[in-house]
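This report concerns only the one structure given below.
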Amino acid sequence: MPSDPSLRQTDLGETPLLARGKVRDIYALGPAPDSDLLFIATDRISAFDHVLATGIPDKGRILTQLSLFWFNFLREFVPNHVITADVAEYPASLAPYRSQLEGRSMIVRRLQMFPVECVVRGYISGSGWKDYQATGAICGIDLPAGLRESDQLPQPIFTPAAKINTGGHDENISYQQVEKILGPVHSDALRTLSLEIYDRASKHAASMGLILADTKFEFGILGDQIILADEVLTPDSSRYWPADAYSPGGPQPSFDKQFVRDYLESIRWNKQTPAPALPQEIVARTRDKYLEAFHLITGRTSLTA
Ligand code: PZK
């Protein structure tokens, strides 16, 4: 059996784990409530809402480097939570764990997170397509009749979602509901920022032959400044479609996870019991797709250069 080159579990000894997501782990550096946070993107991969038993080698590095690319791309327009992603600048206490951190982690400012996911959709897909079929609207925004699945929308729309804690799906909510949670000033700021970021990012993606169908942002606040947080514009938080294969009227293949989904369908996994492992060929092809996304978006061939 060859050894597993993927990192699925992190362990930083005494450093307290703050939260574990499906893919990312967050640690607290120093005493709450003001300490910085350490974000680590593992090589875990989820499909059909389950974390699979097999990791994708380098996935965490690829997604971290993509987030850093976009934070940098957007930096004159919106401040972000990154302090450093250079392990040489990390506290000395983390030195023993360098191999778990290099290329896949960042130290970030701890913010007061807004409890709303800021989704922007330029195309109709996923839960947006479901809601439109049921009601003709998404998040209370009425849309023209006759749209097909994956069609481009007349203009990009802000479709917020409320975070649901216990593994459940986020729930699409109206802008009015956002105003009730955050008040009108922050709500308007998040909507305006989200639409503007989508506009800038989708233009860059288009120039690289990719459609940015939709994406999810998370923002926090520090003092009175709204700050872009979490991961940004990665394939885990966004739908990217190759423009040359775009064919509305049905679902588009996932840029990154299609081999995984097809494999899981082919073995007729019931999508409930513990998720199965992946064959090495599916792992290798999926890894190649993440690298291709990285290459297309950043124009870089190496993760480290
Ligand atoms: C924060 N999450 C969501 C993401 C998880 C959970 N800069 C910040 N300050 C304070 N809190 C957060 C952030 C950010 N980003 C984000 N939870 C807390 C999340 C990934 C994995 F387990």
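Here the sequence shown is numbered in numbering that gives the first Met the number 0, starting from 0 and rising by one per residue.
C-beta: ideal position from N, C-alpha, C; glycine also.
Keep in mind the model is a prediction, meaning the values are calculated, not measured.
Spatially closest choice to alanine 33 from Arg60, Leu221, Val231, by CA coordinates: Correcting the residue type first, residue 33 is aspartate in the shown sequence and not alanine. Nearest C-alpha to aspartate 33 among Arg60, Leu221, Val231: Leu221.
Heavy atom of ligand 1 within 7 Å of alanine 31 beta-carbon: For alanine 31, the shortest C-beta to heavy atom distance toward ligand 1 is 7 Å or greater.
heavy atom of ligand 1 below 7 Å from leucine 28 C-beta: Checking every heavy atom of ligand 1 against the Cβ of leucine 28, none is found closer than 7 Å.
Pick from Glu88, Pro278, Leu142 that is closest to aspartate 305, judged by C-alpha positions: With the chain covering 0 to 304 only, the question about residue 305 has no answer from this structure.
C-beta contact flag for isoleucine 82 and valine 107 at 8 Å: Taking 8 Å as the Cβ cut-off, isoleucine 82 and valine 107 qualify as a contacting pair.
Contact test: leucine 36 Cβ vs ligand 1 heavy atom, cutoff 7 Å: Under cutoff, so the answer is yes.
Whole-Å CB distance - threonine 233 paired with serine 66, under 8 Å assumed: Between threonine 233 and serine 66, the beta carbon gap of about 6 Å places them in contact (Cβ cut-off 8 Å).
Pick from Gly20, Arg7, Phe38 that is closest to threonine 14, judged by C-alpha positions: The residue with the shortest Cα to Cα distance from threonine 14 is Phe38.
From His185, Arg190, Asp150, residue whose alpha carbon lies closest to that of threonine 158: Of the listed residues, the one whose Cα sits closest to threonine 158 is Arg190.
Short Cβ contact (8 Å threshold) for proline 333 with glycine 208: In this structure the chain extends from 0 to 304, so residue 333 is not present and cannot be described.
Straight-line gap, glutamine 305 to glycine 20 (C-alpha atoms, nearest Å): There is simply no residue 305 to check, as the chain begins at 0 and stops at 304 in what is shown.
Beta-bridge pairing of serine 104 - partner residues as DSSP gives them: According to DSSP, serine 104 bridges with Ile39.
Whether tyrosine 197 touches proline 155 by CB criterion (8 Å): Result yes, Cβ atoms of tyrosine 197 and proline 155 sit closer than 8 Å.
Candidates Arg7, Gly59, Asp48: closest to glutamate 230 by CA position: The shortest C-alpha separation from glutamate 230 is found at Gly59.
Between the CA atoms of histidine 294 and leucine 16 - distance to the nearest angstrom: Straight through space, the alpha carbons of histidine 294 and leucine 16 are spaced by roughly 32 Å.
Cβ-based neighbour list, leucine 110, same chain, cut-off 7 Å, excluding 5 preceding and 5 following: These residues qualify, in order along the chain: His80, Gly219, Ile220, Leu221, Ile226, Ala228.
Simplified DSSP assignment, three categories, for proline 241: The DSSP-derived three-state label of proline 241 is strand.
Exposure label - arginine 299; buried when at least 16 CB within 10 Å: Arginine 299 comes out exposed.
Distance between aspartate 261 and alanine 46 (C-alpha atoms, nearest Å): Rounded to the nearest angstrom, the two C-alpha atoms are 10 Å apart.
Rounded straight-line distance, which links the Cα of proline 56 to that of serine 301: Taking the straight line from one Cα to the other gives about 15 Å.
Proximity test, histidine 207 beta-carbon vs ligand 1 heavy atom, cut-off 7 Å: The sequence shown places methionine at residue 207, rather than the histidine named in the question. Flag unset: Cβ of methionine 207 not near ligand 1.
Whether serine 126 touches arginine 238 by CB criterion (8 Å): Not in contact: serine 126 and arginine 238 (Cβ atoms no closer than 8 Å).
Proline 114 beta carbon less than 8 Å from that of isoleucine 172: Cβ atoms of isoleucine 172 and proline 114: not closer than 8 Å.
Simplified DSSP assignment, three categories, for tryptophan 164: Going by the sequence as given, residue 164 is asparagine instead of tryptophan. Residue state, collapsed to three classes: coil.
Buried versus exposed call for serine 265 [16 or more other C-beta atoms within 10 Å across all chains shown]: By the beta-carbon neighbour count (other beta carbons within 10 angstroms, threshold 16), serine 265 is exposed.
Heavy atom of ligand 1 within 7 Å of valine 107 beta-carbon: For ligand 1, at least one heavy atom lies less than 7 Å from the Cβ of valine 107.
Closest residue to tyrosine 174 among Gly139, Asp150, Ala188, Asn164 (Cα-Cα distance): Taking each of Gly139, Asp150, Ala188, Asn164 in turn and checking the Cα distance to tyrosine 174, the smallest one comes out for Gly139.
Reference phenylalanine 254, options Gln99, Ser236, Lys215, closest by Cα: Taking the Cα of phenylalanine 254 as reference, the smallest distance to any Cα among Gln99, Ser236, Lys215 is reached at Ser236.
Any non-hydrogen atom of ligand 1 within 7 Å of glycine 222 CB: No, ligand 1 has no heavy atom inside 7 Å of this Cβ.
Proximity test, leucine 110 beta-carbon vs ligand 1 heavy atom, cut-off 7 Å: Yes - ligand 1 has a heavy atom lying nearer than 7 Å to the Cβ of leucine 110.
Sub-8 Å separation of glycine 54 and leucine 11 beta-carbons: Contact flag unset, no.
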